[in-house]
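Take a look at the structure set out below.
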Amino acid sequence: MRVCVISPGVVHAVPRTVAIADQFDEVHFIDIEGNSDSRPLLAHGVVYHSSDREGKSLNRGRVLQHLLGTIRPDVIVCHYASGDHYFNAIGYGQCPVASIVMGNDAFYDEGDMVVPFLAKLLVRMSLRRSYYLSAKSELLAQCLKRYGVTAPIDVNYWGADMTRFSPGHRLEARRQLGLDEKAILILSSRALEPRLNIHLIVEAFPEILQSYSNASLIILGRSSPDYKRQVEDTVSRLNLADRISFRGDVSQDALLQYYQASDCVVSVAQCEGFPNTVLEVMACKVPVVVGNIPHIDELLENNRNAWICEKNPQAIATAILAVLGDATNRAAIVDAAYATAMKFADIKKNGIRFSYRLKQSLTNIQPASRVAQLVFKAIFLLYRIQRKITHYSR
Numbered sequence: 123m124r125v126c127v128i129s130p131g132v133v134h135a136v137p138r139t140v141a142i143a144d145q146f147d148e149v150h151f152i153d154i155e156g157n158s159d160s161r162p163l164l165a166h167g168v169v170y171h172s173s174d175r176e177g178k179s180l181n182r183g184r185v186l187q188h189l190l191g192t193i194r195p196d197v198i199v200c201h202y203a204s205g206d207h208y209f210n211a212i213g214y215g216q217c218p219v220a221s222i223v224m225g226n227d228a229f230y231d232e233g234d235m236v237v238p239f240l241a242k243l244l245v246r247m248s249l250r251r252s253y254y255l256s257a258k259s260e261l262l263a264q265c266l267k268r269y270g271v272t273a274p275i276d277v278n279y280w281g282a283d284m285t286r287f288s289p290g291h292r293l294e295a296r297r298q299l300g301l302d303e304k305a306i307l308i309l310s311s312r313a314l315e316p317r318l319n320i321h322l323i324v325e326a327f328p329e330i331l332q333s334y335s336n337a338s339l340i341i342l343g344r345s346s347p348d349y350k351r352q353v354e355d356t357v358s359r360l361n362l363a364d365r366i367s368f369r370g371d372v373s374q375d376a377l378l379q380y381y382q383a384s385d386c387v388v389s390v391a392q393c394e395g396f397p398n399t400v401l402e403v404m405a406c407k408v409p410v411v412v413g414n415i416p417h418i419d420e421l422l423e424n425n426r427n428a429w430i431c432e433k434n435p436q437a438i439a440t441a442i443l444a445v446l447g448d449a450t451n452r453a454a455i456v457d458a459a460y461a462t463a464m465k466f467a468d469i470k471k472n473g474i475r476f477s478y479r480l481k482q483s484l485t486n487i488q489p490a491s492r493v494a495q496l497v498f499k500a501i502f503l504l505y506r507i508q509r510k511i512t513h514y515s516r
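Each residue of the sequence shown is one higher than the one before, counting from 123 in the numbering used here.
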């Protein structure tokens with residue numbers, strides 16, 4: 123079976139593709155943004171394609187259609203069940219499409235982006251035309267069913283490579299990163315985007331400093347320029363410039379070192395499927411403070427295998443102080459978190475499961491009618507026209 127994975131620039135798409143590579147005869151990876159690390163893919167026999175490299179003169183949709191026509195896959199797997207790459211995969215119409223669905227693909231009302239009506243319509247039409255969906259939480263799976271999806275939906279937390287994301291030596295990690303070996307180090311490793319509430323972590327930090335004057339906060343990740351300025355303004359307003367540093371996007375190797383160097387990692391997103399960051403941190407046996415989103419209790423329980431808090435500065439500060447203040451309780455919770463990660467977040471096991479379920483879903487292929495395909499393509503065209511009009515009217 124020839125599988126084609128399409129990534130719109132998602133960092134987790136590479137390890138997930140590696141996790142399924144051995145389960146199929148041939149695996150291709152189309153990198154829409156051209157920024158994925160192709161080395162792990164090539165090392166596992168995956169054929170790598172960069173849309174930027176293979177057709178800059180054409181728009182991405184035409185490049186993608188050309189690549190699909192050249193590869194001629196038996197099935198397409200899309201990371202994210204929204205966006206032009208997913209709509210183009212459905213519009214290709216020559217083979218079944220599966221998707222690894224994330225929270226922002228369905229939880230519109232809780233996100234920070236305004237999703238146009240036609241985009242929502244295309245997402246729902248595409249979901250209903252997909253043959254298999256992998257959802258990052260039970261709550262997300264239930265949401266997809268409410269959208270009228272009849273294809274098999276499997277809850278898969280994916281997680282991380284447990285031979286890589288594993289407990290390390292804190293002081294050695296700090297030496298390699300050039301960090302203060304004696305400081306209390308708090309880490310935010312999520313992107314600087316409004317829905318990830320990085321500003322709340324910053325606003326919580328003065329209370330941490332009252333108890334731990336040697337505490338520092340490191341903020342990693344790509345950033346939305348406007349939101350980054352907002353967070354930087356908050357840092358200046360609170361006179362925290364000497365205690366909070368922005369390190370930008372880092373490699374996966376460096377990210378692992380930052381995890382291992384930290385005393386506590388904080389993730390308080392407004393909405394998401396299930397935070398892969400949290401699972402990675404748990405696998406490293408590092409304490410993690412998690413914002414209370416509706417489905418977090420599918421795997422986590424406060425004061426058993428995580429510190430769960432409400433999404434406000436006071437609650438975040440209280441949770442971080444709880445992590446730092448009780449070494450015995452901290453060790454017990456970290457051990458329980460590690461056991462949870464081993465059970466639910468081993469990407470190698472979850473990749474095998476995904477592959478098996480995907481193959482099962484393809485035993486009864488019924489192509490969409492020509493009329494249905496034409497209707498979908500017409501709505502996709504209207505969406506692109508609307509987007510161009512909106513862009514040029516600004």
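Virtual Cβ for every residue (Gly too), placed ideally from N, Cα, C.
Just so you know, these numbers come straight off a predicted model, no measurement behind them.
Compute the Euclidean distance between the alpha carbons of Asp448 and Arg365, then round it to the nearest angstrom.
-> Here residue 448 refers to the residue found at position 326 when the sequence shown is read from its first residue. Here residue 365 refers to the residue found at position 243 when the sequence shown is read from its first residue. Taking the straight line joining both Cα atoms gives about 23 Å.
Any contact of the segment 236–244 with the segment 259–272, i.e. 3+ C-beta pairs under 8 Å?
-> no
Quick one: using the 10 Å Cβ neighbour count with 16 as the cut-off for buried, is Lys178 buried or exposed?
-> In the sequence shown, residue 178 corresponds to position 56, counting from 1. The predicted position of Lys178 is uncertain, since its pLDDT is 48 and thus under 50; no value can be drawn from it.
Does Arg369 come within less than 8 Å of chain C when only Cβ atoms are used?
-> Structure shown: chain C not included; a single protein chain is present.
Sequence-distant residues of the same chain with beta carbon closer than 8 Å to Asn414, five excluded per side | As a working mapping, residue 414 is identified with position 292 in the sequence shown. If we look at Asn414 and ignore the five residues flanking it on each side, its Cβ neighbours are Ile430, Cys431, Glu432 and Lys433.
For Ala220, which residues does DSSP report across the bridge?
-> The residue given as residue 220 occupies position 98 in the sequence shown. According to DSSP, Ala220 bridges with Val199 and Tyr254.
Cβ atoms of Thr399 and Arg452: under 8 Å apart, would you say?
-> Position 330 of the sequence shown, counted from the start, is the residue given in the question as residue 452. Position 277 of the sequence shown, counted from the start, is the residue given in the question as residue 399. In this structure, Arg452 sits away from Thr399, with a CB-CB distance that is not shorter than 8 Å.
Once you ignore the five residues that flank Ala141 on each side, which residues in its own chain have a CB closer than 6 Å to its CB?
-> Position 19 of the sequence shown, counting from 1, holds the residue named residue 141. For Ala141, where only same-chain residues beyond five positions count, the Cβ hits under 6 Å are Ile469, Lys470 and Gly473.
Between the Cα of Leu255 and the Cα atoms of Gln298, Arg297, His291 and Ser204, which residue gives the shortest distance?
-> By one-based count along the sequence shown, residue 255 stands at place 133. Closest by alpha carbon: Ser204.
Where are the beta strand (DSSP E) runs, 3 residues long or more, that stay fully inside the segment 429–476, in chain order?
-> 429–431
Kindly list the residues whose CB is nearer than 8 Å to the CB of Phe327, restricted to its own chain and excluding five residues on each side of it in sequence; keep chain order.
-> As a position in the sequence shown, residue 327 is number 205, starting the count at 1. Same-chain partners within the cutoff: Ile308, Ala337, Leu339, Leu360, Leu362, Arg365, Ile366 and Ala439.
Determine the extent of the alpha helix (DSSP H) in which Ala383 is found, giving its start and end residues.
-> The sequence position of residue 383 within the sequence shown is 261, counting from 1. Looking at the DSSP string, the run of the alpha helix (DSSP H) that includes Ala383 is Gln374 to Ala383.
Along the chain, which unbroken stretches of the alpha helix (DSSP H) at least 4 residues long are found entirely within the segment 272–341?
-> With a minimum length of 4 residues, the continuous alpha helix (DSSP H) runs that stay inside the segment 272–341 are 292–299 and 320–333.
State the Cα-Cα distance for the pair Pro289 and Leu377, rounded to the nearest angstrom.
-> Taking the sequence shown and counting its residues from 1, the one referred to as residue 289 is at position 167. Taking the sequence shown and counting its residues from 1, the one referred to as residue 377 is at position 255. Rounded to whole angstroms, Pro289 to Leu377 spans 13 Å at the Cα level.
For Asp375 and Leu504, the rounded distance between their alpha carbons = As a working note, residue 504 is residue 382 in the sequence shown. As a working note, residue 375 is residue 253 in the sequence shown. Taking the straight line from one Cα to the other gives about 42 Å.
Using the C-alpha atoms, what's the distance from His171 back to Phe146?
-> Residue numbering aside, residue 146 sits at position 24 when the sequence shown is read from its first letter. Residue numbering aside, residue 171 sits at position 49 when the sequence shown is read from its first letter. About 18 Å.
Entirely enclosed beta strand (DSSP E) segments - the segment 156–191, minimum 3 residues = Annotation: the segment 156–191 contains the following complete segments of the beta strand (DSSP E) (minimum length 3 residues), in chain order: 169–172.
Cross-strand partners of Arg124 (DSSP beta bridge) | By one-based count along the sequence shown, residue 124 stands at place 2. Paired residue(s): Glu148.
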